[in-house]
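Structure first, then comments.
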Amino acid sequence: MRLALTAIADELRRLKASGVTSVTVSDEGMAALRASLETRPAPAAASPAPRRKQAPEADSAPAAAPPAIVLPKGTKQAQWEALKQAVLDDAVCRAKVRPGMKIVLGVGSLDAAIMFVGEAPGAEEEIQGEPFVGPAGQLLNKMISGMALTREDVYIGNIMNWRPDLPVGADGVQTGNRPPTEGEMAHCLPYLRAQIEIVKPTLLVALGATAAKGLLGPKAFGALGEVRGRWHDFGGRPLMVTYHPSYILRNPINRTKRLIWEDLLKVMERANLPVSDRQRGFFL
Ligand code: URA
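-14 is the number of the first residue of the sequence shown in the working numbering; add one for each residue after it.
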């Protein structure tokens, strides 16, 4: 029943996104819907669920099918706004976001040649509703300015639209972060694909193993070193895999900075950006 309701909600969202403002439901249709709701099994008596630090795959995987997204015709801006509304209306996203926190969609130029893809919102991002605004975001900004670009020149998205949950402390605050499950990523990926369809970047840059797994598939590799620093393909677009900025935050030495920088030099060359001798020598 839950899947059927999700399918109905998805279809209504799709119609809304394509400009339909009202739908007619026959009396028979309403009666069938009411009857199936009335025959839903009664919920089991509430018993407190055990709390775990690392939520296992089955617990956090949304039961709902990934959303079907049809972008409306119109400008990139109109398409992006329709997409944003679809994410905000998504029942799974809404259920996953903690009260008072925000669902997060990408940010930046809708004409960007370069799209960075991160993992998931963290503490700052779910407050501000914008990707990469916390410490990892400050470092990403520096990486972008090293490329002689600004945050407004590129597009920055995430695999996930909400912060993967962990049990909160007595103060109601979630302190740590966990990687998203495969089910969570599968639910959000259509929204990332839609952003790629709108922006049409020349290339994509996956930041870290989770983003790379989200784009290349969960079984595509074991260790990040197997795929990092090389070009891959995502839906016909070149995809560079590099480290997540938080890896540099944990290892702030020139050797790790140079590794990520070498990947970004490849990105600049592929995007036909000028590369100065000074830029070539960063972190040597
Ligand atoms: N890390 C990510 O991968 N994405 C964010 O938006 C913030 C931190």
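By construction, the Cβ of each residue, glycine as well, lies at the ideal position given by its N, Cα and C atoms. Please read all numbers here as calculations on a predicted model, not as lab measurements.
Would you mind giving the Cβ-Cβ distance between R163 and P149, rounded to the nearest angstrom? I have them listed as a contact below 8 Å. Looking up residue 163 in the sequence shown gives position 178. Looking up residue 149 in the sequence shown gives position 164. That belief holds up - the Cβ atoms of R163 and P149 are roughly 5 Å apart, short of 8 Å.
Taking C-alpha atoms, which residue in E109, A256, V260, L201 lies nearest to L174? Locating residue 174 in the sequence shown gives position 189, where the first residue counts as 1. For L174, the closest of E109, A256, V260, L201 by C-alpha to C-alpha distance is L201.
What are the uninterrupted segments assigned as alpha helix (DSSP H) that are 4 or more residues long and contained completely in the region 212 to 236, given in chain order? For the region 212 to 236, whole alpha helix (DSSP H) runs of length 4 or above, ordered along the chain, are 230 to 235.
What do you reckon, is the C-beta of N143 under 7 Å from a heavy atom of ligand 1? Residue numbering aside, residue 143 sits at position 158 when the sequence shown is read from its first letter. N143 has its Cβ nearer than 7 Å to a heavy atom of ligand 1.
In the DSSP assignment, what are the bridge partners of F101? Looking up residue 101 in the sequence shown gives position 116. For F101, the beta-bridge partners assigned by DSSP are I141, V190.
Give every residue of the same chain whose Cβ lies closer than 6 Å to the Cβ of I54, excluding the five residues on either side of it in the sequence, and list them in chain order. By 1-based counting over the sequence shown, the position of residue 54 is 69. The residues are P175, A179.
Let's see if you can read the secondary structure: which residues bound the alpha helix (DSSP H) around W147? Residue numbering aside, residue 147 sits at position 162 when the sequence shown is read from its first letter. Careful: W147 lies outside any alpha helix (DSSP H) and carries neither H nor E.
Using only the alpha-carbon positions, how far apart do L188 and S94 sit? One-based indexing of the sequence shown puts residue 188 at position 203. One-based indexing of the sequence shown puts residue 94 at position 109. Rounded to whole angstroms, L188 to S94 spans 14 Å at the Cα level.
Does the Cβ of E137 lie closer than 7 Å to at least one heavy atom of ligand 1? Within the sequence shown, numbered from 1, the residue matching residue 137 stands at position 152. Incorrect: E137 has no Cβ contact closer than 7 Å to ligand 1.
I'd like to know if the region 99 to 106 and the region 134 to 147 are in contact, where contact means that at least 3 CB-CB pairs between them fall below 8 Å. Note that the region 99 to 106 touches the region 134 to 147; at least 3 beta-carbon pairs, one per stretch, sit closer than 8 Å.
Skipping 5 residues on each side, what residues in its chain have a beta carbon closer than 6 Å to that of G161? Locating residue 161 in the sequence shown gives position 176, counting from the first residue. Closer than 6 Å at Cβ, skipping near neighbours: L151.
Could you say which of A108, A196, M225 lies nearest to G85 if we only look at CA atoms? Here residue 85 is taken as the residue at index 100 of the sequence shown, counted from 1. Of A108, A196, M225, the residue nearest in Cα terms is A108.
Taking 7 Å as the cut-off, is the beta-carbon of E110 closer than that to any non-hydrogen atom of ligand 1? Within the sequence shown, numbered from 1, the residue matching residue 110 stands at position 125. E110 Cβ: within cutoff of ligand 1.
Would you check whether ligand 1 has a heavy atom nearer than 7 Å to the C-beta of P116? Walking along the sequence shown from the start, residue 116 turns up at place 131. Answer for P116: yes, Cβ within range of ligand 1.
Using three-state DSSP, classify V275 as helix, strand or coil. Since the first residue shown for the chain is -14 and the last is 269, residue 275 is missing from the structure and cannot be characterised.
Test item: CB-CB of Q64 and I183 under 8 Å: Residue numbering aside, residue 64 sits at position 79 when the sequence shown is read from its first letter. Residue numbering aside, residue 183 sits at position 198 when the sequence shown is read from its first letter. In this structure, I183 lies closer than 8 Å to Q64 by Cβ.
Kindly identify the DSSP beta-bridge partner or partners of G93. Residue 93 sits at position 108 when you count from the first residue of the sequence shown. According to DSSP, G93 bridges with Y140.
Could you tell me whether any non-hydrogen atom of ligand 1 is closer than 7 Å to the CB of E104? As a first step, residue 104 must be located in the sequence shown, where it is residue number 119. Correct: E104 has its Cβ closer than 7 Å to ligand 1.
Closer than 7 Å: L192 CB and nearest ligand 1 heavy atom: The sequence position of residue 192 within the sequence shown is 207, counting from 1. Yes, ligand 1 has a heavy atom inside 7 Å of this Cβ.
Could you pull out every residue in the same chain whose Cβ sits closer than 6 Å to the Cβ of S261, ignoring the five residues on either side in sequence? Taking the sequence shown and counting its residues from 1, one reaches residue 261 at position 276. Sequence-distant partners of S261 (beyond 5 residues in either direction) whose C-beta falls short of 6 Å from its own C-beta are missing from its chain.
Can you look up T195 in the DSSP assignment and give me helix, strand or coil? Here residue 195 is taken as the residue at index 210 of the sequence shown, counted from 1. Of the three classes helix, strand and coil, the one that applies to T195 here is helix, per DSSP.
Check each candidate in V82, M170, I99 and name the one with the smallest Cα separation from E254. Numbered from 1 along the sequence shown, position 269 holds the residue referred to as residue 254. Per the Cα distances, I99.
Tell me whether G199, by its Cβ, gets closer than 7 Å to a heavy atom of ligand 1. In the sequence shown, residue 199 corresponds to position 214, counting from 1. G199: no, Cβ never under 7 Å from ligand 1.
Does the beta carbon of G161 fall short of 7 Å from some heavy atom of ligand 1? Here residue 161 refers to the residue found at position 176 when the sequence shown is read from its first residue. For ligand 1, not one heavy atom lies less than 7 Å from the Cβ of G161.
Exposed or buried, what is E159 when buried is set at 16 or more other beta-carbons lying within 10 Å of its beta-carbon? Within the sequence shown, residue 159 is the residue found at index 174, counting from 1. First, the amino acid is wrong: residue 159 is Gln here, not Glu. Here Q159 is buried: its Cβ has 16 or more other Cβ atoms, across all protein chains shown, within 10 Å.
On the three-pair Cβ rule with 8 Å, is the region 209 to 218 touching the region 233 to 241? Flag = no, the region 209 to 218 and the region 233 to 241 do not touch.
Taking the alpha carbon of L249 as the point to measure from, which residue in E167, N239, V72, M225 has its own alpha carbon closest? Position 264 of the sequence shown, counted from the first residue, corresponds to residue 249. Among E167, N239, V72, M225, the Cα nearest to that of L249 belongs to M225.
Pairwise C-alpha distance: T195 and E167: Taking the first residue of the sequence shown as position 1, residue 167 is located at position 182. Taking the first residue of the sequence shown as position 1, residue 195 is located at position 210. The straight-line gap from Cα to Cα measures roughly 10 Å.
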